[in-house]
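Quick mapping for you: the protein sequence lines, in order, are chains A and B.
Taken in order, the first sequence gives residues 0 to 311; the numbers are from numbering that gives the first Met the number 0.
Taken in order, the second sequence gives residues 0 to 239; the numbers are from numbering that gives the first Met the number 0.
Ideal placement from N, C-alpha and C gives every residue a C-beta, glycine not left out.
Just so you know, these numbers come straight off a predicted model, no measurement behind them.
What follows is one structure encoded as structure tokens, with my remarks underneath.
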Amino acid sequence: MTPAYSVIFFTTASGAGYGLLFLLGLFSAIEAVPADPALGWMGFGLSLGLITFGLLSSTFHLGHPERAWRALTQWQSSWLSREGVLAIFTYGPTVLFAYGWLYLGDTSGVWAVMGVLSALGAAATVFCTSMIYGTLRTIPSWANKWTPFNYMVLGLATGAVLLNALQNLLGAHSQNITMLCVGSLVLAWVGKIGFWKVDPMPYKAGSATGLGTIGEVTSLSSPNTNATFVQREMGFQVARKHADKLRRISVITLFVIPIILTVATVFVSSGLAATFAIHALIFTIIGIVTERWLFFAEAQHVVNLYYGDHRS
Amino acid sequence: MTMLPSSLPPKKLGLVIDLDICVGCHACAVNCKQWNTGGHSAPLTDHEPYGNDVFGVWFNRVHGYEVDDGKSGRAVYFPRSCLHCEDAPCVTVCPTGASYKRGEDGIVLVDHDKCIGCKLCSWSCPYGAREFDEDEGVMKKCTLCVDRVYNENLEEWERLPACVITCPAGARHFGDFADPNSDVSKMSAERGGYDLMPEMDTKPVNKYLPPRPRQLDEKPNQLLDAPEKGFLGWLDKVLS
Ligand code: SF4
Ligand code: SF4
Ligand code: SF4
Chain A
0 MTPAYSVIFF
10 TTASGAGYGL
20 LFLLGLFSAI
30 EAVPADPALG
40 WMGFGLSLGL
50 ITFGLLSSTF
60 HLGHPERAWR
70 ALTQWQSSWL
80 SREGVLAIFT
90 YGPTVLFAYG
100 WLYLGDTSGV
110 WAVMGVLSAL
120 GAAATVFCTS
130 MIYGTLRTIP
140 SWANKWTPFN
150 YMVLGLATGA
160 VLLNALQNLL
170 GAHSQNITML
180 CVGSLVLAWV
190 GKIGFWKVDP
200 MPYKAGSATG
210 LGTIGEVTSL
220 SSPNTNATFV
230 QREMGFQVAR
240 KHADKLRRIS
250 VITLFVIPII
260 LTVATVFVSS
270 GLAATFAIHA
280 LIFTIIGIVT
290 ERWLFFAEAQ
300 HVVNLYYGDH
310 RS
Chain B
0 MTMLPSSLPP
10 KKLGLVIDLD
20 ICVGCHACAV
30 NCKQWNTGGH
40 SAPLTDHEPY
50 GNDVFGVWFN
60 RVHGYEVDDG
70 KSGRAVYFPR
80 SCLHCEDAPC
90 VTVCPTGASY
100 KRGEDGIVLV
110 DHDKCIGCKL
120 CSWSCPYGAR
130 EFDEDEGVMK
140 KCTLCVDRVY
150 NENLEEWERL
160 PACVITCPAG
170 ARHFGDFADP
180 NSDVSKMSAE
190 RGGYDLMPEM
200 DTKPVNKYLP
210 PRPRQLDEKP
220 NQLLDAPEKG
230 FLGWLDKVLS
């Protein structure tokens, strides 16, 4: 699949934004983080900023962005529509939760309920995003449980790295958040290993054309001399050797380095811990963008079988 | 609504494509383009139609395949267009309700006034049947010539899809698959009409008829065997 930069930006930014929102909502409800105004302003600013810019950028690749509101109507059948509805719904409790935290300094009682609702909305929205891809049978490497697992856990992990960086910047170090960071990064790593094990194309041209019952099917003449829309959109394939290198880069920058740096924050002075946490964040950003680019670039669509991919 | 019709449409309109007969002339693709660029989904835009970077919207594309049957081998021409699937994923993924399947006859269409051009439907179609119109910013696809088959301004014999009526070999047929006595149903039953990529669970309405086995492959070339009678038998004796 051809990677669209607006979609890469949207899924990574909103994933991290919702991950951060999820953690703010849940942690303050269980009183694991104090309603510190500095953390609040930075946390809500960042998470809502990432979510909002992400959502806006996802409309850039539309043929008719001015009609985007129509995408809220088909929630009964379409995961894309559900994603839109939940994204908008989540703003409600989030704004109230932020109001309680920032203006009343209160994250208990009804404000805690708002926090939990924001966290649930955030998780549900990311789940819907993942199911847009996870339900496409035409792309076998996406149509499995690893896709929602990866989107959810990567959202959580990138949100946790963000929160860890914010806390350390503010000079507050929380062991819980460090552990959560490392735990979610390890889990996300496991998720990627599982995802990369899936056979990207178990189908054959023989079944695409139905001629496989007669013999081995090879494309003899393409219908078109230049690439069609379908080939431009679905035909992109990153070379195996580049993909392997990029997979390694994403594992190192998204998992290995951030895990080491985050663990190291426990053992150093708070000044150095902040530097480490921020570097962990920088590497995570490089890693998640590489991971998401590969998610699209490595995906193979069954329509390519008609154009000579995978004989017989 | 992008929900599929809740009850089975009373009619199941679609095509039979006979791979035994198709000669790969592309006439169906060209007449489809010609009719539809002025029809329901008009225009089917082209970029640089006379330049090097030809790029345009087509609803029908004709492939050629080599099928190695381990015998004499064969070339099969293979037109590919929307199959008007019963469980059309392109309809259920659409977030706007622009893609829909008609309750009365099962034709899958796009409402171009509602489409936001998110292209998700084209990702969900296993058969590459949807092509995005870059100029109009909306998705386009085969309409099953809905503007011909019900068109009372046309003579009755003309009320067929453009691709069907133009095929010089008679490889394409249009009809109602819900009626077991329709020509298309009977033809498909007799000849073993099949679905493309059944593992995608789309339940295509269009059926493809397989190439017939060839007599050549059933009865290998007689001249290669040693004939016993007649002139060739005599020749065989003399020569061996
Ligand atoms: S062939 Fe593709 S576009 Fe046509 S109904 Fe089936 S899934 Fe939809
Ligand atoms: S491109 Fe248009 S028709 Fe296709 S899914 Fe998006 S809104 Fe629906
Ligand atoms: S039915 Fe009409 S729109 Fe569909 S492929 Fe044939 S000519 Fe084109």
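With 16 other Cβ atoms within 10 Å as the buried cut-off, status of residue i
i        : result
Asp17/B  : buried
Leu19/A  : buried
Gly232/B : exposed
Asn149/A : buried
Glu151/B : exposed
Lys240/A : exposed
Lys202/B : exposed
Asp46/B  : Strictly speaking, residue 46/B in this sequence is His, with Asp absent from that position. His46/B should be labelled exposed.
Ile259/A : exposed
Asp182/B : exposed
Residue from the options with nearest C-alpha to residue i
i        : options                                   : result
Val163/B : Gly23/B, Pro8/B and Phe173/B              : Phe173/B
Pro199/A : Pro139/A, Phe228/A, Ala164/A and Ala242/A : Pro139/A
Gly286/A : Val250/A, Ile259/A, Ser268/A and Leu304/A : Val250/A
Leu153/A : Phe254/A, Ala31/A and Val265/A            : Phe254/A
Val189/A : Met151/A, Leu47/A and Gln299/A            : Met151/A
Gly359/A : Ile50/A, Leu45/A, Ser57/A and Gly170/A    : Nothing about residue 359/A can be reported from this structure: the residues present for chain A run from 0 to 311 only.
Pro8/B   : Asn51/B, Ser80/B, Asp134/B and Cys84/B    : Cys84/B
Ser6/B   : Met138/B, Pro203/B, Gly105/B and Glu47/B  : Gly105/B
Ala188/B : Thr201/B, Asp200/B and Pro209/B           : Pro209/B
His111/B : Ser183/A, His63/A and Phe21/A             : His63/A
Gly37/B  : Cys24/B, Asn51/B, Glu47/B and Val56/B     : Val56/B
Ala67/A  : Tyr126/B, Pro197/B, Trp122/B and Cys117/B : Cys117/B
Ser40/B  : Glu135/B, Asp182/B, Lys228/B and Asp194/B : Glu135/B
Gly209/A : Thr44/B, Met196/B and Cys114/B            : Met196/B
His60/A  : Cys141/B, Phe131/B and Arg147/B           : Phe131/B
Ile131/A : Asn59/B, Pro125/B, Cys120/B and Val66/B   : Cys120/B
Val109/B : Ser123/B, Trp122/B and Val90/B            : Val90/B
Arg171/B : Pro160/B, Ser181/B and Ala177/B           : Pro160/B
Ala70/A  : Ala74/B, Thr142/B, Asp68/B and Val92/B    : Val92/B
Ser380/A : Leu49/A, Leu25/A, Leu22/A and Ile29/A     : Nothing can be reported for residue 380/A, as the shown portion of chain A is limited to 0 through 311.
Tyr202/A : Lys191/A, Val216/A, Thr93/A and Gly193/A  : Val216/A
For residue i: DSSP bridge partner residues
i        : result
Ser98/B  : Val109/B
His46/B  : Phe54/B
Pro78/B  : Val61/B
Arg81/A  : Arg81/A pairs with nothing; no bridge assigned.
Val216/A : Val66/B
Phe173/B : Leu14/B
Arg73/B  : Val66/B
Reduced DSSP category for residue i - H, G, I as helix; E, B as strand; rest coil
i        : result
Ala31/A  : coil
Arg310/A : Because the pLDDT at Arg310/A is just 43, under 50, the model does not fix this residue reliably, and the value given afterwards should be weighed accordingly. In the structure shown, Arg310/A sits in coil (DSSP, three-state: anything other than H, G, I, E or B).
Ala168/B : coil
Arg211/B : coil
Pro36/A  : helix
Pro257/A : helix
Ile131/A : helix
Lys202/B : coil
Leu14/B  : strand
Pro92/A  : helix
Asp104/B : coil
Arg314/B : Absent from the model: residue 314/B. The displayed extent of chain B is 0 to 239, so no value can be given.
Gly108/A : coil
Asp243/A : helix
Tyr4/A   : helix
Tyr193/B : strand
Asp132/B : strand
His136/A : This sequence places Arg at residue 136/A; His is not what is there. In this structure, Arg136/A counts as coil in the three-state DSSP scheme.
Asn303/A : helix
Opening and closing residue of the alpha helix (DSSP H) in which residue i lies
i        : result
Glu290/A : Ser269 to Ala296
Lys196/A : Gln174 to Lys196
Ser252/B : Outside the shown range of chain B (0 to 239) lies residue 252/B, about which nothing can therefore be said.
Tyr150/A : Trp145 to Leu168
Phe228/A : Phe228 to Met233
Phe230/B : Gly229 to Leu238
Asp19/B  : Counting along the chain, Asp19/B falls outside any alpha helix (DSSP H), and DSSP gives it neither H nor E.
Arg246/B : This structure cannot settle anything about residue 246/B, because the visible part of chain B is limited to 0 through 239.
Gln73/A  : Run containing Gln73/A: none; DSSP gives neither H nor E here.
Lys203/A : Unbroken run through Lys203/A: none, as it is neither H nor E.
Segment limits, beta strand (DSSP E) that includes residue i
i        : result
Lys140/B : Val137 to Lys140
His62/B  : Arg60 to Asp67
Cβ-heavy atom distance, residue i to ligand 5, below 7 Å
i        : result
Tyr126/B : Ligand 5 is not part of this structure, which contains only ligand 1, ligand 2 and ligand 3.
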